[in-house]
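Only one structure is covered here, and it is reproduced in the block below.
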Amino acid sequence: MILAAAGHEDDFMTRVAAESAKPEYASYMPIAISGAASLAADYGKTPLVATEYYTNKDLDKNLGLTWTLNVRALETQSKFAETLFPTITVDTNDVGITVRTKVTTVTRGILNALLTKDVVEDNRQPLHNALSNHKVLQDDAIRIVPYVMETGENAKFFVSEDIIENENVQLGRVPAYPTNYLSFSERRLNLFQLSAHPGIVQEGYDETDEIAPGAALGSLLLSVRKPTEEAKDGALIKLNVRDMQFATFQRPPEGDGRELVLQFRRTVFSLNAKSLDWKGAEIPALAALAQNDYTIRYSMNISMSLFTNGQFSGRVDVTAPSLEIEGLYDATGTAVDIESGTGKVIIDNLKLELLGWRFDGTRTNENRRTQGLLLDPIWEQENYKLQYGSPIMTKSPVGVEYDDTERLDDLVSAVNIRNEMLAITQTLSYTEAVKNAAASMITPWDKPAIRGLGRHWVAPWYSESDYEVDKVIQSLDTKDALINARQGLVQRIGDQVTRAIQDSRFMPALRLLTADPNALPKVVIATDEPTAAMLLLVQGDQRLLGDRYEYEVITTNDDRWRVKNEADGSWTRRLQWVLKVPTADDGSYCVLNWGNHFWSPIMVTNINIQRNGATSKELAVQPRNAHICHCPITGLIWIKGITKFVEEKLAFNVTTTSNGTGGTDGGNAGDVGGGTQPGTGGEGAGG
1 MILAAAGHED DFMTRVAAES AKPEYASYMP IAISGAASLA ADYGKTPLVA TEYYTNKDLD
61 KNLGLTWTLN VRALETQSKF AETLFPTITV DTNDVGITVR TKVTTVTRGI LNALLTKDVV
121 EDNRQPLHNA LSNHKVLQDD AIRIVPYVME TGENAKFFVS EDIIENENVQ LGRVPAYPTN
181 YLSFSERRLN LFQLSAHPGI VQEGYDETDE IAPGAALGSL LLSVRKPTEE AKDGALIKLN
241 VRDMQFATFQ RPPEGDGREL VLQFRRTVFS LNAKSLDWKG AEIPALAALA QNDYTIRYSM
301 NISMSLFTNG QFSGRVDVTA PSLEIEGLYD ATGTAVDIES GTGKVIIDNL KLELLGWRFD
361 GTRTNENRRT QGLLLDPIWE QENYKLQYGS PIMTKSPVGV EYDDTERLDD LVSAVNIRNE
421 MLAITQTLSY TEAVKNAAAS MITPWDKPAI RGLGRHWVAP WYSESDYEVD KVIQSLDTKD
481 ALINARQGLV QRIGDQVTRA IQDSRFMPAL RLLTADPNAL PKVVIATDEP TAAMLLLVQG
541 DQRLLGDRYE YEVITTNDDR WRVKNEADGS WTRRLQWVLK VPTADDGSYC VLNWGNHFWS
601 PIMVTNINIQ RNGATSKELA VQPRNAHICH CPITGLIWIK GITKFVEEKL AFNVTTTSNG
661 TGGTDGGNAG DVGGGTQPGT GGEGAGG
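Here it is, written out as structure tokens:
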């Protein structure tokens with residue numbers, strides 16, 4: 001086409017003929033063509049080109065017009081449409097475009113077992129969700145958690161289920177199994193033996209397994225009851241001691257290096273009438289402490305030894321734990337005698353007992369017995385077809401020499417205006433889809449079936465509200481009224497934007513997608529001219545949404561961007577905002593942007609058209625493009641009463657007669673009196 005446009009039509013035809021004669025094209029026409037044998041022709045393979053179509057005049061001029069149209073159609077697309085839908089050019093040979101995005105998922109694997117109870121589902125989550133949901137990367141695959149066997153064979157090592165019920169735990173891809181507090185009644189046990197669930201290890205842990213450094217006393221189970229009650233009838237308190245002093249197993253100064261010791265000593269706790277059990281209920285045994293705001297202080301001492309590996313791998317020896325009440329104190333902190341009187345009665349009617357403990361530790365997993373988390377990248381893609389639009393034609397006046405360049409201006413204008421209308425149509429349609437998708441969400445992690453690859457990164461979000469200027473402005477002072485209206489509108493926009501960014505998880509997606517931990521979105525505000533001029537774009541402070549978010553205001557005259565109220569003739573004006581990635585390069589798409597305009601270059605044809613028996617020479621184009629939305633996040637505010645407020649409440653037209661003796665009609669503030677008549681103006685009218 002370049003050779004032809006330059007006037008080298010012979011070179012152009014030779015190049016086309018040479019290309020068509022290449023051997024690789026021989027298999028491109030496997031079907032028979034009617035009449036081919038009689039004509040002795042080999043269509044598509046014989047190196048000749050019909051030259052009757054190619055004339056200097058039509059070829060040169062049409063190619064130049066085609067090039068000009070495509071360039072100007074892209075460059076002069078309205079700011080409104082280009083901001084919402086940046087243009088990407090699609091090759092003319094492609095019927096559409098494939099949009100792809102890589103979503104890295106986190107999975108613990110899948111297990112399809114014979115028994116339903118042993119099945120593990122693949123509940124994978126996108127990696128970027130980990131910035132909002134702490135459970136995505138939380139994995140206990142190598143944690144040592146004792147297993148309460150369903151047969152009851154090892155029940156003696158655990159606190160009875162009559163006292164506190166078992167709880168299920170799932171480690172990685174291992175099926176969930178029951179566990180409970182280890183009982184202090186058993187002074188020797190083996191952690192590896194108790195935690196050898198069949199889902200983790202088939203035959204048991206061996207010499208290659210080792211308890212990792214950092215093992216600690218996790219939590220304690222305390223019974224608070226009256227002396228006459230049994231443990232199952234009293235209240236239970238769970239004490240989290242993982243991060244307390246002396247709660248970590250330490251290596252002793254002497255030994256073989258495989259033994260760790262714990263000396264949980266001199267650790268003081270307290271109880272009063274406001275103390276609650278582990279379920280959040282009041283403790284009846286502490287009711288007597290309420291009369292004088294008494295507080296009980298108690299301490300405990302627990303000693304253990306733990307073998308990390310070797311001959312006694314996993315063995316724990318528990319030295320007799322002790323719990324002692326150190327004193328009783330009133331509201332002023334004064335000690336109360338517990339050897340006699342009221343103090344003794346209170347202490348004698350209260351029993352505190354250590355029932356169980358939890359181990360907090362992991363295996364080193366140096367033998368790679370457990371795989372843990374798996375990062376699995378998935379390429380999500382969607383295919384979009386570029387449909388042809390209706391042809392647009394312009395004809396030359398009959399009998400008048402008319403420059404095709406002038407007619408081309410009309411075509412360019414028509415194509416650009418049509419593109420803006422299509423952009424608004426797509427925005428309105430997709431906004432309705434986002435509204436429905438957001439309403440269908442049951443959990444924040446649902447992925448609704450809405451078009452746009454942004455759904456794989458963020459949750460759909462939509463909010464719609466009314467902003468009535470009349471009801472927001474509190475001041476009738478002209479210089480303050482519009483400032484109040486602007487501040488109220490900006491706050492409404494800011495509220496929607498910040499909630500959307502938080503609830504949709506846009507920020508984690510943006511930072512992971514751009515690999516920039518400091519990335520911030522840009523807010524694009526689409527509205528009409530009166531709203532933008534009077535309530536958004538003012539001189540002075542340009543920080544419309546504060547220092548955190550950049551913004552851009554775009555306007556349109558499309559009649560669908562405002563609604564006329566037939567009752568009073570006023571207008572309800574549409575203000576819609578979307579989010580944009582400011583670092584996105586021109587010419588490429590980003591699935592966190594509102595959308596893109598995919599444009600295929602088009603050919604300008606100069607043809608003779610028969611209309612009602614007459615022939616006219618016309619320039620014609622048939623655009624092929626599509627406006628595609630990616631990110632289902634937007635907010636909508638309906639602005640009501642701007643013009644009415646300015647016209648009726650800000651125009652204080654005050655006039656008086658020339659001699660000041662007679663009253664005259666005033667403006668919106670009421671009539672203005674003359675002279676000294678009370679209540680009508682003048683000296684006696686009051687302030």
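Residue numbers (full-length UniProt numbering): 1 to 687. Ideal placement from N, C-alpha and C gives every residue a C-beta, glycine not left out.
Beta-carbon gap between residue i and residue j smaller than 8 Å
| i | j | result |
| --- | --- | --- |
| Trp461 | Ile633 | yes |
| Leu350 | Leu323 | no |
| Ala459 | Arg418 | no |
| Ile164 | Leu236 | yes |
| Glu210 | Glu366 | yes |
| Leu575 | Ile483 | no |
| Thr101 | Leu619 | no |
| Arg358 | Leu182 | yes |
| Asp122 | Gly109 | yes |
| residue 747 | Arg548 | Only positions 1 to 687 of the chain appear in this structure, which leaves residue 747 out of reach. |
| Leu386 | Gly595 | no |
Sequence-distant residues of its chain with Cβ nearer than 7 Å to residue i (five each side left out)
| i | result |
| --- | --- |
| Gly234 | Ser223, Val224, Arg225 and Ala285 |
| Pro530 | Arg573, Ile642 and Thr643 |
| Gln263 | Phe246 and Ser303 |
| Cys388 | The question names Cys, but residue 388 is Tyr in the sequence shown. Here the set comprises Gln622 and Arg624. |
| Ser78 | Asn416 and Glu420 |
| Arg173 | Arg108, Gly109, Leu111 and Val120 |
Own chain, CB closer than 8 Å to residue i, minus 5 neighbours either side, in chain order
| i | result |
| --- | --- |
| Ser270 | Thr295, Ile296, Arg297 and Tyr298 |
| Pro175 | Leu111, Ala113, Lys117, Asp118, Val119, Val120 and Gly199 |
Enclosing alpha helix (DSSP H) for residue i [first to last residue]
| i | result |
| --- | --- |
| Phe506 | Phe506 to Thr514 |
| Phe312 | Element bounds for Phe312: n/a, residue is neither H nor E. |
| Val523 | That residue, Val523, is in no alpha helix (DSSP H); its beta strand (DSSP E) goes Lys522 to Thr527. |
| Thr83 | Lys79 to Leu84 |
Residues near residue i in its chain [Cβ-Cβ closer than 6 Å; skip 5 each side]
| i | result |
| --- | --- |
| Val581 | Cys590, Leu592 and Asn593 |
| Thr248 | Ala216 |
| Ser616 | Lys395 and Ile609 |
| Gly540 | Residue confidence for Gly540 is low, a pLDDT of 44 falling below 50, so the modelled location carries little weight; the figure read from the coordinates is stated next. There are no such residues. |
| Val169 | Val145 and Thr179 |
Buried or exposed (CB count within 10 angstroms, at least 16 for buried), residue i
| i | result |
| --- | --- |
| Trp379 | exposed |
| Ile607 | exposed |
| Leu496 | First, the amino acid is wrong: residue 496 is Gln here, not Leu. The residue is buried, with at least 16 neighbouring Cβ atoms inside 10 Å. |
| Glu420 | buried |
| Thr405 | exposed |
| Leu276 | exposed |
| Gln250 | exposed |
| Val345 | exposed |
| Glu82 | buried |
| Lys640 | buried |
| Gln426 | buried |
| residue 690 | Here the chain comprises residues numbered 1 to 687, so residue 690 is not present and cannot be evaluated. |
| Asp466 | exposed |
| His134 | exposed |
| Leu260 | buried |
| Gly635 | buried |
| Ile144 | buried |
For residue i, the first and last residue of its enclosing beta strand (DSSP E)
| i | result |
| --- | --- |
| Thr334 | Looking at the DSSP string, Thr334 is not in any beta strand (DSSP E), and its letter there is neither H nor E. |
| Lys344 | No beta strand (DSSP E) contains Lys344, which is instead part of the alpha helix (DSSP H) from Gly341 to Asp348. |
| Val553 | Glu550 to Thr555 |
| Leu374 | Leu374 to Lys385 |
| Gly635 | Ile633 to Lys640 |
| Arg358 | Lys351 to Asp360 |
| Phe307 | Thr295 to Phe307 |
| Val119 | Careful: Val119 lies outside any beta strand (DSSP E) and carries neither H nor E. |
| Arg173 | Note, Arg173: premise wrong, no beta strand (DSSP E); not H, not E. |
| Val103 | Gly96 to Thr107 |
| Thr394 | Ile392 to Lys395 |
Any C-beta of chain D under 8 Å from that of residue i
| i | result |
| --- | --- |
| Gly257 | Absent here is chain D; the protein component of the structure consists of one chain. |
beta-carbon residue i near the ligand GTP non-hydrogen atom, thresh 7 Å
| i | result |
| --- | --- |
| Leu386 | The ligand GTP is not part of this structure, which contains no ligands at all. |
For a minimum of 3 consecutive residues, which ranges assigned as the beta strand (DSSP E) are wholly contained in the region 191 to 274?
Fully enclosed beta strand (DSSP E) runs of 3 or longer: 216 to 225, 235 to 240 and 259 to 272.
Which runs of the beta strand (DSSP E) spanning at least 3 residues fall entirely within the region 423 to 493, listed in chain order?
Runs of the beta strand (DSSP E) inside the region 423 to 493: 461 to 468.
Can you check the region 557 to 624 for any beta strand (DSSP E) of at least 3 residues that lies completely inside it and give the ranges in chain order?
Taking only runs of at least 3 residues, the beta strand (DSSP E) segments lying wholly in the region 557 to 624 are 562 to 564, 571 to 580, 595 to 600, 605 to 611 and 614 to 621.
Within the region 113 to 150, note down every full alpha helix (DSSP H) run reaching 4 residues or more, in order along the chain.
With a minimum length of 4 residues, no continuous alpha helix (DSSP H) run stays inside the region 113 to 150.
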